[in-house]
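Q: Under my numbering, read the sequence shown as residues 3 to 275, first letter to last.
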Amino acid sequence: MRGALLVFKAEWGRLATTRTFHAVLLLVCLASLARAISDGIALEGHGIESGQGWHSLAVGWRTGLVLSTLILAFSAARGLAGDAQAWILRLALTRGTSRAGMITARLMLGLGQLLLLVLCSGAGALLGGWFAGGYGPFVVDGAEFGDRSFFAPEFWRVGFGVLPALAATYAFALFVSAFCQSAVTAVAASIGLLLSFDLFKELLGEGSRWFFLAHTPTLLDSSGFTYLDNLCGLATSTALWEEGYWRAGMVSSLASVLIFTILAIVVLRRRAL
Numbered sequence: 003m004r005g006a007l008l009v010f011k012a013e014w015g016r017l018a019t020t021r022t023f024h025a026v027l028l029l030v031c032l033a034s035l036a037r038a039i040s041d042g043i044a045l046e047g048h049g050i051e052s053g054q055g056w057h058s059l060a061v062g063w064r065t066g067l068v069l070s071t072l073i074l075a076f077s078a079a080r081g082l083a084g085d086a087q088a089w090i091l092r093l094a095l096t097r098g099t100s101r102a103g104m105i106t107a108r109l110m111l112g113l114g115q116l117l118l119l120v121l122c123s124g125a126g127a128l129l130g131g132w133f134a135g136g137y138g139p140f141v142v143d144g145a146e147f148g149d150r151s152f153f154a155p156e157f158w159r160v161g162f163g164v165l166p167a168l169a170a171t172y173a174f175a176l177f178v179s180a181f182c183q184s185a186v187t188a189v190a191a192s193i194g195l196l197l198s199f200d201l202f203k204e205l206l207g208e209g210s211r212w213f214f215l216a217h218t219p220t221l222l223d224s225s226g227f228t229y230l231d232n233l234c235g236l237a238t239s240t241a242l243w244e245e246g247y248w249r250a251g252m253v254s255s256l257a258s259v260l261i262f263t264i265l266a267i268v269v270l271r272r273r274a275l
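1. Using the rule of at least 16 other Cβ atoms within 10 Å of the residue's Cβ for burial, across every protein chain shown, is Leu-117 buried or exposed?
2. Contact between the stretch 129-144 and the stretch 186-205: three or more CB pairs below 8 Å?
3. Output the distance between the C-alpha atoms of Gln-54 and Tyr-137, rounded to the nearest integer angstrom.
4. Buried or exposed: which applies to Ala-12, given that a residue is buried once 16 or more other Cβ atoms fall within 10 Å of its Cβ?
5. Can you list, in chain order, the residues of its chain with a C-beta nearer than 7 Å to that of Pro-219? Leave out the 5 residues immediately preceding and following it.
6. Would you mind giving the Cβ-Cβ distance between Gly-124 and Gly-161, rounded to the nearest angstrom? I have them listed as a contact below 8 Å.
7. Output needed for Leu-206: all residues of its chain with C-beta closer than 7 Å, excluding positions within five of it in sequence on either side, in chain order.
8. Do you know how far the Cα of Ala-257 is from the Cα of Ile-267?
9. Checking 8 Å against the spacing of the C-beta atoms, do Val-61 and Ala-36 come in under that value?
10. Let me know the secondary structure DSSP gives Ser-210 once reduced to three states.
11. Please identify the residue among Ser-151, Ser-210, Leu-260 and Ile-43 whose C-alpha is closest to the C-alpha of Leu-176.
12. Do you know offhand how far Arg-16's Cα is from Ala-107's?
13. Would DSSP call Ala-145 helix, strand or coil?
14. Excluding the five sequence neighbours on either side, which residues of its own chain have a C-beta within less than 6 Å of the C-beta of Gly-135, listed in chain order?
15. What whole-angstrom Cβ distance do Glu-156 and Leu-233 have, given they're in contact under 8 Å?
16. Give the secondary structure of Glu-46 by DSSP, where H, G and I count as helix, E and B as strand, and everything else as coil.
17. What is the DSSP secondary structure of Glu-51, reduced to helix, strand or coil?
18. Pop quiz: Tyr-172 and Ala-78 are said to be a contact at Cβ under 8 Å. What is the actual Cβ separation, rounded to whole angstroms?
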C-alpha cells in the first residue's frame, strides 16, 4: 500500500479544482431536482392532500443515483486505464508508489466522489420534494398513511444501504480497467458489462440478493428505492423491504468491494506497463 495516501492527496487536489467535476455534481443535483418537481406535478389531482414531497424525494434521489452509478463506473475505468495509457502510472511507480498503493488510492478517490454524488443528488431531490408538496403527514383522501417519524428513518436506511453497492460498482469498474490498455476500452467494457449484468440479474431469482448490482440504483432498478417508491407512492404503509434483503445487500456489496480491489491489485501486479 506504499504511497497510496500521497497519490490520493495529489489526485483529490487535482479533482477538486476541475471544472468538469463541479459540472458533474451540479448536473446530478439538477437532475434530481427536476425529476422530483416533475413527479410532484404528475401527482397533482390524485387525492394527495399533504406529504406529496416524500414520493418526489424518492423518485428524484433515485434518478440522481442512477446517473451517479454511471459516473462512478466511468471515473473508475477511465482513471486507472488513463493513467497507464499516459504513463502516469509508470511515473508514480518510479517514485516509490506500489501497484497496490495505486489501486488503494483510486479506491479512496472513488469513495470521496461517491459521497459527494450521493449528497448532491439527495440535496437536489430534497429541495424538489419541498417544492412538490413538502414533508408533512402523507394524507390521501382524508386518510393519513404516515408522517415524518415514519418515513424519515426508511429514507435513512435506504440511503445508507446504497453506499456499499455504489462502492462495489466503482471497485468493479476499477478491476475491469486493470486489464485494459486504453481508457476508451476500459470505459466501454465496464459500462457494457454493468448494463449487461443489469439486464440479466433477475434470472438469478432469490440469489440476486447476493449480487451487488441488485442493490445499486440502475436503469432496471431493484434497489431499496423501489421500496421507497411503493411506500410513498401507493399511499400504503404495508410496503415491505425485508431486513434479510437489506443485510444481504450490505454484506455482498462490502465483500464485492474487497474482492474486486484484491483482484485489481493482482491483475495490475502481473501486468506489464
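Every residue, glycine too, gets a C-beta built ideally from N, C-alpha and C. Just so it is clear, the structure is predicted and the values come from calculations on it, not from any experiment.
A: By the coordinates alone:
1. exposed
2. no
3. 7 Å
4. exposed
5. Arg-64, Leu-67, Val-68, Thr-71, Val-164, Ser-225 and Phe-227
6. 7 Å
7. Phe-213
8. 16 Å
9. no
10. helix
11. Leu-260
12. 13 Å
13. strand
14. Gly-42, Gln-54 and Gly-55
15. 6 Å
16. coil
17. strand
18. 5 Å
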